[in-house]
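Novice: The numbers in the working numbering rise by one with no breaks, and the one at position 76 of the sequence shown is 77. For every residue, glycine included, the Cβ atom is placed at its ideal position computed from N, Cα and C. Quick caveat: nothing in here was measured; it's all calculated off a predicted structure.
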Amino acid sequence: MAEAAFQHYDDLLGTAVDRDHTINFELIEPSNLIDLDAPFSEGEIRSAVKHLPTRKVPYPDGFTAEFLHACWSIVKSNF
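(1) Where Asn33 and Ala3 are concerned, what is the direct C-alpha to C-alpha distance, given to the nearest angstrom?
(2) In the DSSP assignment, find the unbroken alpha helix (DSSP H) run with Asn25 in it and report its ends.
(3) Determine, using beta-carbon pairs with one atom in the segment 50 to 58 and one in the segment 66 to 76, whether at least three such pairs fall under 8 Å.
(4) What three-state label does DSSP hand Pro40 in the structure shown?
(5) Quick one: grab the DSSP three-state call for Lys57.
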């Protein structure tokens, strides 16, 4: 059973491919690395949500961006 499950997902997802580009974090200044660890602000999240196509579903929960726009004041704390 475990082998069948593994084979199913291996066929579905395939194998990893080498990336064309990588990031060498040693080349980034330490003062800039701090920003990479900072949490997203509410404004940044709101801006990203506002730019989503309205009738597309960005998450597996099935909520469209149109729903997120209309109910932002209620759902924003979930982000």
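Specialist: Walking through what the data contain:
(1) 44 Å
(2) No alpha helix (DSSP H) contains Asn25, which DSSP labels as neither H nor E.
(3) yes
(4) coil
(5) coil
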